[in-house]
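K.L.:
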Amino acid sequence: MITRTPRTALEAVAHRRFLLGAWPWRSLGHLLGTALILLAMVPPVSLLCLPWAAEVSRLLSPFPLTFGTAVVWTAVGGVSLALGLPLLAVPLARLERRRLRLVDRRPVEDGRQRLSTSDLRTRFRVRYTESATWREVGYLLLLVVLGPLLCLVAGLVVLTPTMLLSSPFLVRAGEPPIAAVFTTVTTRGQALGCATLGLLLVPVSAYLLALLAGAHAAVARVLLHGGQEPLRAELVEVTRSRARLVDAFEAERRRIERDLHDGAQERLVSLTLRLGMARLDLPRDTPAYQNVSAAHDQAKQLMAELRELVRGIHPRVLTDRGLPAALGELADRCPVPVSVRADLPERMPAPVEATAYFVVSEALANVAKHSGADSVSITARREGGLLTVEVHDDGTGGADPDRGTGLTGLADRVAVIDGRMFLSSPAGGPTLLRVELPCDQNVRSA
0 MITRTPRTAL
10 EAVAHRRFLL
20 GAWPWRSLGH
30 LLGTALILLA
40 MVPPVSLLCL
50 PWAAEVSRLL
60 SPFPLTFGTA
70 VVWTAVGGVS
80 LALGLPLLAV
90 PLARLERRRL
100 RLVDRRPVED
110 GRQRLSTSDL
120 RTRFRVRYTE
130 SATWREVGYL
140 LLLVVLGPLL
150 CLVAGLVVLT
160 PTMLLSSPFL
170 VRAGEPPIAA
180 VFTTVTTRGQ
190 ALGCATLGLL
200 LVPVSAYLLA
210 LLAGAHAAVA
220 RVLLHGGQEP
230 LRAELVEVTR
240 SRARLVDAFE
250 AERRRIERDL
260 HDGAQERLVS
270 LTLRLGMARL
280 DLPRDTPAYQ
290 NVSAAHDQAK
300 QLMAELRELV
310 RGIHPRVLTD
320 RGLPAALGEL
330 ADRCPVPVSV
340 RADLPERMPA
350 PVEATAYFVV
360 SEALANVAKH
370 SGADSVSITA
380 RREGGLLTVE
390 VHDDGTGGAD
400 PDRGTGLTGL
410 ADRVAVIDGR
420 MFLSSPAGGP
430 TLLRVELPCD
440 QNVRSA
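Residue 56 in numbering that gives the first Met the number 0 sits at position 57 of the sequence shown, and the numbers go up by one each step.
1) Measure the C-alpha to C-alpha separation of C48 and L80 and round it to an integer number of angstroms.
2) When the Cβ atoms of the segment 69–89 are set against those of the segment 18–34, are three or more pairs found closer than 8 Å?
3) Under three-state DSSP, which class holds E129?
4) Does T68 pass the burial test, meaning 16 or more other C-beta atoms within 10 Å, or should it be called exposed?
5) Taking D342 as part of the beta strand (DSSP E), name the residues at either end of that continuous run.
6) Straight-line CA distance for A324 to V316?
7) Assign S374 to one of three DSSP states: helix, strand, or coil.
8) Taking the continuous alpha helix (DSSP H) assigned at H29, which residues delimit it?
9) What's the gap between the Cα of E352 and the Cα of G418?
10) M162 by DSSP, collapsed to three states: which one?
11) Would you say the segment 22–31 touches the segment 132–148, given that touching needs at least three Cβ pairs under 8 Å?
12) Where does L422 sit, in a helix, a strand or coil, going by DSSP?
13) If you follow the beta strand (DSSP E) that R433 is in, where does it begin and where does it stop?
14) Classify S269: buried if its beta carbon has 16 or more other beta carbons within 10 angstroms, exposed otherwise.
15) Rounded to whole angstroms, what is the Cα-Cα separation between L158 and V201?
16) For a test of the three-state rule: what should DSSP assign to R332, helix, strand or coil?
17) If the criterion is Cβ atoms closer than 8 Å, does the pair V366 and V335 meet it?
18) Where do the N-terminal and C-terminal ends of the alpha helix (DSSP H) with E352 fall, by residue?
19) If we call anything under 8 Å between Cβ atoms a contact, is L279 one with A298?
20) Let me know the secondary structure DSSP gives L19 once reduced to three states.
21) Would you kindly check if the distance between the Cβ of L99 and the Cβ of V107 is under 8 Å?
22) Using only the alpha-carbon positions, how far apart do V41 and G213 sit?
23) By the three-class DSSP mapping on this structure, what secondary structure does D280 have?
24) Are three or more beta carbon pairs between the segment 147–161 and the segment 30–46 nearer than 8 Å?
25) Return the chain-ordered list of same chain residues with a C-beta closer than 7 Å to the C-beta of G427, the five sequence neighbours on each side being excluded.
26) Three or more C-beta pairs closer than 8 Å, one from the segment 337–354 and one from the segment 378–388: is that the case here?
27) Can you give the Cα-Cα distance for C448 and L386, rounded to whole angstroms?
28) With a Cβ-Cβ cutoff of 8 Å, do T430 and A398 count as a contact?
29) Just tell me which of L86, R433 and L196 has its CA closest to the CA of F421.
30) Using DSSP's beta-bridge definition, name the partner residues of V388.
31) Do P85 and T132 have their C-beta atoms within less than 8 Å of each other?
32) Expressed to the nearest angstrom, what Euclidean distance is found between the alpha-carbon atoms of P425 and A372?
33) If I'm right that G76 touches P43 with Cβ under 8 Å, what's the distance once you round it to whole angstroms?
34) Can you tell me whether DSSP reads P147 as helix, strand or coil?
35) Give me the DSSP bridge partner(s) of T7.
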């Protein structure tokens with residue numbers, strides 16, 4: 000049994016104080032309201048279906064419609080329902096959301112877009128294209144189709160104990176027998192037996208009413224609650240915002256690369272040449288020669304480090320020759336022997352190539368620092384609309400994203416272009432890093 004306060008009729012059924020609370024009466028009130036709403040909705044829906052009803056009647060008559068006329072009537076009926084059902088479903092849904100509070104205390108939202116314009120054409124277009132509107136239409140149709148059955152079952156559940164309980168007040172000696180649901184009562188003794196049975200059925204009926212009302216409310220909530228629509232819209236906006244931030248970061252990184260390559264690197268090369276020429280003009284046994292030589296060596300070391308920095312920002316070979324050549328350059332620079340197999344007959348979109356390159360670059364850096372591997376293999380191939388890149392090493396394994404090896408950052412970078420990353424690295428090795436990147440032409444920039 001549930002001990003916390005129930006929020007819905009279905010939860011209340013399992014509560015130990017169900018029969019002493021208000022949930023049976025709330026359920027009864029909800030079902031009575033359903034019957035009244037059904038009586039109000041059936042006539043207008045039937046009116047909208049009138050063209051189809053007339054067509055069916057003519058098809059069954061001795062003078063059926065011609066094919067062309069039948070097509071016209073079918074189209075008229077379809078247009079009538081498409082235009083008219085939302086006009087009925089929207090106010091019905093608004094009423095049902097309020098009425099849902101009788102048997103479901105959880106908040107419910109319509110999930111509709113908030114419109115600030117008063118232009119009728121714009122409002123009409125938005126409302127008729129919203130998914131919430133057509134879910135409400137589905138609820139209306141479901142209510143009209145299955146509502147009568149629900150009301151019939153609820154009516155039997157209410158009338159059965161009522162008729163049994165009232166039988167002692169209706170039977171009279173010497174008068175015709177009365178019908179009490181499934182039996183005929185002729186004497187007061189039989190009537191008292193029926194009343195006893197009716198009294199026992201009262202709690203059963205209360206539970207059945209709560210179940211019926213709770214099931215109706217659950218279906219209504221699925222179709223009428225749009226609380227996830229704003230969250231879904233926010234998720235889309237967050238994804239787009241993340242892509243825009245990555246785009247801005249990539250553009251800034253390209254600018255830094257260009258400034259370093261065309262500015263600082265050229266000036267550093269010029270400085271290195273000048274120091275080299277100055278060293279030639281100095282006697283070898285002077286302190287000035289030693290100082291200039293040390294500065295020249297430091298300038299050459301700094302130039303090598305700057306070249307590595309520029310290559311790490313965005314390798315020129317990736318832009319000029321594509322991913323296979325860039326992977327080959329990474330393999331040549333890695334201290335561990337690396338074999339590369341890149342079966343890529345054509346260029347991938349730039350964001351895909353850049354993501355694949357930096358994934359492999361980070362993976363090789365991790366191999367060199369942590370794995371103790373003797374060999375590494377890189378495989379890149381296109382399978383349909385996916386670029387699959389695998390980095391396999393024979394090291395000690397045990398790679399864990401929580402240990403700060405950059406794997407979490409790689410997964411985030413792959414996710415920006417809707418890719419996936421898989422890692423298998425048991426203790427003792429080997430380690431396999433696999434990424435799958437969508438490479439169609441509509442891939443989002445990263």
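The C-beta atom is built at its ideal place from N, Cα and C for all residues, glycine as well.
P.N.:
From the atom records:
1) If you draw a straight line from the Cα of C48 to the Cα of L80, it comes to about 7 Å.
2) The segment 69–89, when compared against the segment 18–34, does not touch it at the 8 Å Cβ threshold.
3) It is coil, neither helix nor strand.
4) By the neighbour-count criterion, in which 16 or more other beta carbons inside 10 Å mark a residue as buried, T68 falls on the exposed side.
5) Membership of D342 in the beta strand (DSSP E) is indicated by the continuous run V337 to D342.
6) Looking at the backbone, the Cα of A324 and that of V316 are separated by about 7 Å.
7) Three-state result, S374: coil.
8) That run of the alpha helix (DSSP H) goes W22 to L47.
9) In this structure, the straight-line span from the alpha carbon of E352 to that of G418 is close to 12 Å.
10) Assignment of M162 by DSSP, reduced to helix, strand and coil, places it in the helix class.
11) No, the segment 22–31 is not in contact with the segment 132–148.
12) DSSP places L422 in strand when its eight states are reduced to three.
13) Under the DSSP assignment, R433 falls in the beta strand (DSSP E) whose first and last residues are T430 to P437.
14) Answer is exposed; the Cβ neighbour count stays below 16.
15) If I take the Cα positions, the gap works out to 10 Å.
16) Reduced to three states, the DSSP call for R332 is helix.
17) Contact flag set, yes.
18) Following the DSSP letters along the chain, one finds E352 inside the alpha helix (DSSP H) bounded by residues A349 to N365.
19) Against a cut-off of 8 Å, the Cβ pair of A298 and L279 comes out as no contact.
20) L19: coil per DSSP, three-state reduction.
21) Going by C-beta atoms, V107 is nearer than 8 Å to L99.
22) Cα-Cα distance, rounded: 23 Å.
23) If DSSP states are grouped into helix, strand and coil, D280 belongs with coil.
24) Verdict: yes, contact present.
25) Excluding the 5 residues flanking it on each side, G427 has same chain C-beta neighbours closer than 7 Å at T395 and G396, in chain order.
26) The segment 337–354 vs the segment 378–388: in contact.
27) Outside the shown range of the chain (0 to 445) lies residue 448, about which nothing can therefore be said.
28) Contact flag set, yes.
29) Taking only the C-alpha atoms, the option nearest F421 is R433.
30) Note: V388 sits in a beta bridge opposite A379 and V434.
31) Taking a C-beta distance under 8 Å as the contact criterion, P85 and T132 qualify as a contact pair.
32) The straight-line gap from Cα to Cα measures roughly 14 Å.
33) Contact doesn't hold; Cβ gap of about 15 Å is too wide.
34) It is helical.
35) DSSP output for T7 lists D103 as bridge partner(s).
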